[in-house]
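Worksheet for the structure shown next.
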Amino acid sequence: TGLSGNLIVLSVLYKGGLLMGSAYMTVGELSSFLMYAFWVGISIGGLSSFYSELMKGLGAGGRLWELIERKPQLPFNEGITLGKDLFRGALEFKDVEFAYPTRPETSIFKDFSLSIPAGSVMALVGPSGTGKSTIVSLLLRLYDPISGTITVDGFDIRQLNPLWFRTKIGTVSQEPVLFSCSIAENIAYGAEDPSTVTAEEIQKVAEIANAASFIRDFPKGFDTVVGEKGILLSGGQKQRIAIARALLKNPKILLLDEATSALDAENEYLVQEALDRLMEGRTVLIIAHRLSTIQNADFVAVLGQGKILECGKHEELLANPNGLFKKLMQKQAFLQNSDTFALDLQSREKDILKENV
Numbered sequence: 001t002g003l004s005g006n007l008i009v010l011s012v013l014y015k016g017g018l019l020m021g022s023a024y025m026t027v028g029e030l031s032s033f034l035m036y037a038f039w040v041g042i043s044i045g046g047l048s049s050f051y052s053e054l055m056k057g058l059g060a061g062g063r064l065w066e067l068i069e070r071k072p073q074l075p076f077n078e079g080i081t082l083g084k085d086l087f088r089g090a091l092e093f094k095d096v097e098f099a100y101p102t103r104p105e106t107s108i109f110k111d112f113s114l115s116i117p118a119g120s121v122m123a124l125v126g127p128s129g130t131g132k133s134t135i136v137s138l139l140l141r142l143y144d145p146i147s148g149t150i151t152v153d154g155f156d157i158r159q160l161n162p163l164w165f166r167t168k169i170g171t172v173s174q175e176p177v178l179f180s181c182s183i184a185e186n187i188a189y190g191a192e193d194p195s196t197v198t199a200e201e202i203q204k205v206a207e208i209a210n211a212a213s214f215i216r217d218f219p220k221g222f223d224t225v226v227g228e229k230g231i232l233l234s235g236g237q238k239q240r241i242a243i244a245r246a247l248l249k250n251p252k253i254l255l256l257d258e259a260t261s262a263l264d265a266e267n268e269y270l271v272q273e274a275l276d277r278l279m280e281g282r283t284v285l286i287i288a289h290r291l292s293t294i295q296n297a298d299f300v301a302v303l304g305q306g307k308i309l310e311c312g313k314h315e316e317l318l319a320n321p322n323g324l325f326k327k328l329m330q331k332q333a334f335l336q337n338s339d340t341f342a343l344d345l346q347s348r349e350k351d352i353l354k355e356n357v
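Residues 1 to 357 in the UniProt record's numbering are what the sequence shown spells out, letter by letter.
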C-alpha cells in the first residue's frame, strides 16, 4: 500500500542519513538506495492491490458457482402436458394459503378461493398491498402455495410441466421487460422459437397492437435498437411492443398486471384498444385500479384481508351501496374529478397570464 512504500522510503532516509553522518555512505549511494526503495514500495503496493482484487474475484466466483450449482426447488421441465382438446384455460384457486419464503410470518392469502371460467375476463381489484400481483406469481408457478390448490381445467398446476404451461400464458405488466436489441427481436421473443418468426408476422401483430405507426417513424423501423430495458422508448411504446409480443405468443391464458396504470390518457387509449383485441377468445385475469380498464370485464373480484370479499358482474357490485367495490370506484371517481379540475384550473391560469401579457 502507499503507507508501506512511504515507510520504506523514510526508513532508507533515516538509516542512510546516519550512515552518511558516519562517512559510511555517499550521497550517490543514498540516492540509489532511495530509487530502489521507491520501486520496492511500488511493487509492494501492486502486490497488495492484486491480493485485494484476487480475494474479491474469489468471493464473486464462489457466489457465481453457488448460483450455477443451485438446484431449483420447483421442477423446471417435469410433469404432464395437456392436449388441445383438454386445455381450455379454466382457472380455479381453492382455499389457497400463501406467505413468501422470506417472510413466512406474514400471510398474504388465507382461504383464498376464486374461479375464472374458460374464455372469460376476470378483473381483480383491491387496495394496494393486498397481494394482487402475487396471484400472477402463483399462476406462473414461481412459488407454490402453502396449502390449497390452484387448478387449470381441473388439473393441479403442480402436476403440469411448468415449462409447457408458461408457454400457454401471456403477460403484460406495468413495466414490460425489453432487451437491448431490435424491436423486431423483442417482439419475436414471444414465440416458442424466435428464429422461425417471419417479418410479416412481426408486422402483423405490431399493427394489431397499435405499434406499427410509431415503429415506422424510426429511421431504422423494426431494426431500431431499444436500449437496455427499452430506455429509448416511452412507457406507452414499451407497452404496445409487449402486447405485440403477447399476440405473437397467442396464449390461451392472459395476465394483465396494471398494464395501463402508468400511462397518460392518450397512451392509455391506444394501449387499451390493443388490449381489447388481445383479450378476444382467451381466459384473462386483469389486475387494475382504473375503471376504464375493468369496465368490460365479465366478472369483478374484490381482494382484501387475504381473500375475495366480493365477486360478481360489474353492474351487480356497483348496485351494492355498502360494497367495497362501490367505495373503491367512488374514491377513484373523486380523484379523477380532482385531477380534471386541477388541469382545468392550470389551463385557465395560463390563459389569464397570456391575456395580461
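All residues carry an ideal CB built from backbone N, CA and C; glycine is no exception.
Identify which residue in GLU53, ASN77, GLY16 has its Cα closest to the Cα of SER32.
GLY16
With distances taken between CB atoms, is the gap from GLY131 to VAL96 smaller than 8 Å?
no
Residue environment, GLY129, which counts as buried when at least 16 other CB atoms sit within 10 Å
exposed
Please state if the CB of ARG282 and the CB of GLY126 are separated by a distance shorter than 8 Å.
no
8 Å contact criterion, which LEU285 and ILE243 should meet: CB distance rounded:
Contact doesn't hold; Cβ gap of about 16 Å is too wide.
Could you tell me whether the Cβ atoms of ALA259 and GLN237 are closer together than 8 Å?
no
Alpha carbons only, please: which of SER49, LEU13, LEU309, ASP257 is nearest the one belonging to ILE169?
ASP257
Quick one: Cα of PHE334 to Cα of LEU328, how far?
Since pLDDT at PHE334 reaches only 48, below the 50 mark, its modelled position is unreliable, and the value read off the structure follows with that caveat. So the two alpha carbons sit approximately 10 Å from each other.
ALA274 vs ILE208 beta-carbon contact at 8 Å:
yes
Assign VAL9 to one of three DSSP states: helix, strand, or coil.
helix
To the nearest angstrom, how far is the alpha carbon of TYR14 from that of PHE50?
29 Å
Quick check: the Cα distance between ARG245 and ALA212, rounded to an integer number of angstroms?
13 Å
Who are residue 359's beta bridge partners in DSSP?
Residue 359 is absent from the model: the chain starts at 1 and stops at 357.
Whose CA, out of GLN73, MET25, LYS252, SER11, lies closest to the CA of TRP164?
LYS252
Of the residues LYS220, ASN161, SER180, which one's Cα is nearest the Cα of GLY83?
ASN161
Please report the residue range of the beta strand (DSSP E) in which GLN310 lies.
Reading off the sequence shown, one finds Glu at residue 310, where the question assumed Gln. Where GLU310 is concerned, the enclosing beta strand (DSSP E) stretches over 307-312.
Could you work out which residue in ILE44, GLY21, LEU74, LEU19 is closest to ILE8 when comparing CA atoms only?
ILE44
Give me whichever residues DSSP pairs with THR283 in a beta bridge.
ILE253
Report yes if the C-beta of ILE308 is less than 7 Å from at least one heavy atom of the ligand COA; otherwise report no.
In the structure on display, the ligand COA does not appear, and there are no ligands present to speak of.
Comparing alpha-carbon positions, which option in ASP156, PHE218, ILE116 lies nearest SER182?
PHE218
Starting from THR102, trace the beta strand (DSSP E) both ways and give me its first and last residue.
Element bounds for THR102: n/a, residue is neither H nor E.
Taking LEU255 as the reference, which of ASN186, PRO176, TYR269 has the closest Cα?
PRO176
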